[in-house]
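For the sequence shown, this note's numbering puts the final residue at 233, and the numbers step up evenly by one.
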Amino acid sequence: GINRSQLLSFGQWLFEEEFLEAIPIQTAHISGVAYVIPYRTAPSAKGKHRIYLKHMLLTECGDTILPPWAFFLQCFFDTRGLRPTASREDFYEDGELAAAREEFAAAVRSHLVRLSGESPEYLKTIISVHAEAIKALAVWDKELFHLFIDYLAFETSEGLMTGAALKRAGEAVWVNNVLTFKQLKPIFMAQGRLLICTGYTSDHELIQAMVSHFELPIRPL
């Protein structure tokens with residue numbers, strides 16, 4: 013029964029941070045909330061979470077229970093049915109922990125899907141801040157790929173272009189190396205041809221998926 017405003021206020025009090033969004037998590041193994049960090053973070057960043065096991069603080073590190081793409085989230089939740097390690101500083105890797113990870117991912121996905129229908133402009137703001145994490149999500153999940161691909165931006169010889177713009181662009185070529193892209197960019201610009209750089213994290217997989225799903229006239233160099 014706690015609304016979004018109350019969740020955000022609680023997150024600000026707990027983590028001393030004004031978050032972009034609060035994602036409620038209520039599953040068989042997890043009860044709590046995942047907060048969307050208001051600034052861009054690196055995949056290697058170690059978030060400071062508050063993760064409890066049966067109401068006792070177990071860890072502030074989410075590496076075991078959170079998926080790798082969740083680096084743009086800061087979480088507060090209580091867990092049930094999971095086994096602690098002997099040191100009681102983390103969770104034991106077993107089927108229950110794997111199920112908890114899947115439940116977490118499904119809850120985040122469901123919330124973002126709902127947000128796309130209720131507040132698409134707000135979702136664009138989140139994507140603009142956390143494009144790298146959202147791209148990793150879209151590679152991992154087909155439903156999220158179809159949801160986000162139109163919003164995601166890619167570097168091209170004509171500047172940044174969204175997936176929606178690339179669908180309308182017609183023939184294009186991609187190159188999976190940033191240095192090669194920079195060398196060839198002026199040539200393609202002079203010829204009026206479109207060159208896409210897929211040398212950044214997740215971009216290669218996403219462009220290939222776009223070509224396959226939407227039968228686009230885009231090919232590798």
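Even for Gly, the Cβ is constructed at its ideal location relative to N, Cα and C. Fair warning: this is a prediction, and the values are worked out from it, not measured in the lab.
Burial state of residue i (16 or more Cβ within 10 Å)
i      : result
MET202 : The identity of residue 202 in the sequence shown is Ala, whereas the question assumes Met. Classification for ALA202: exposed.
GLN195 : exposed
THR97  : exposed
LEU26  : exposed
TYR47  : buried
HIS225 : exposed
THR168 : buried
THR210 : buried
HIS158 : exposed
ALA110 : exposed
HIS67  : exposed
VAL190 : exposed
Three-way DSSP call (helix, strand, coil) for residue i in this model
i      : result
PHE31  : coil
ASP162 : coil
THR137 : helix
ARG231 : strand
SER43  : strand
GLU167 : strand
PRO36  : strand
Where the beta strand (DSSP E) containing residue i begins and where it ends
i      : result
LEU172 : 171-174
ILE63  : 62-65
LEU207 : 207-209
ALA184 : 184-187
Boundaries of the alpha helix (DSSP H) in which residue i is found, first to last residue
i      : result
PHE116 : 107-130
PHE103 : Per DSSP, PHE103 belongs to no alpha helix (DSSP H) and is neither H nor E.
LYS147 : 143-152
ALA98  : Careful: ALA98 lies outside any alpha helix (DSSP H) and carries neither H nor E.
PRO198 : 190-203
Identity of the residue in the options nearest residue i by Cα
i      : options                        : result
ILE42  : PHE89, GLU72, GLY74            : PHE89
PRO305 : TYR64, VAL151, ASP106, MET173  : The shown model of the chain, from 13 to 233, leaves out residue 305, and the question about it has no answer.
ALA119 : TYR134, GLN38, PRO198          : GLN38
ASP162 : GLU155, LEU178, ALA148, SER169 : LEU178
PRO50  : GLN18, GLN86, TRP25            : GLN86
ASN188 : MET173, GLY171, GLU170, ILE208 : ILE208
GLY204 : ALA181, GLN24, ASN15           : ALA181
THR3   : VAL125, ALA143, LEU94          : Outside the shown range of the chain (13 to 233) lies residue 3, about which nothing can therefore be said.
Jot down the residue ranges of each uninterrupted alpha helix (DSSP H) in the stretch 65-96, minimum 4 residues, whole runs only, in chain order. Within the stretch 65-96, there are no complete alpha helix (DSSP H) runs of at least 4 residues.
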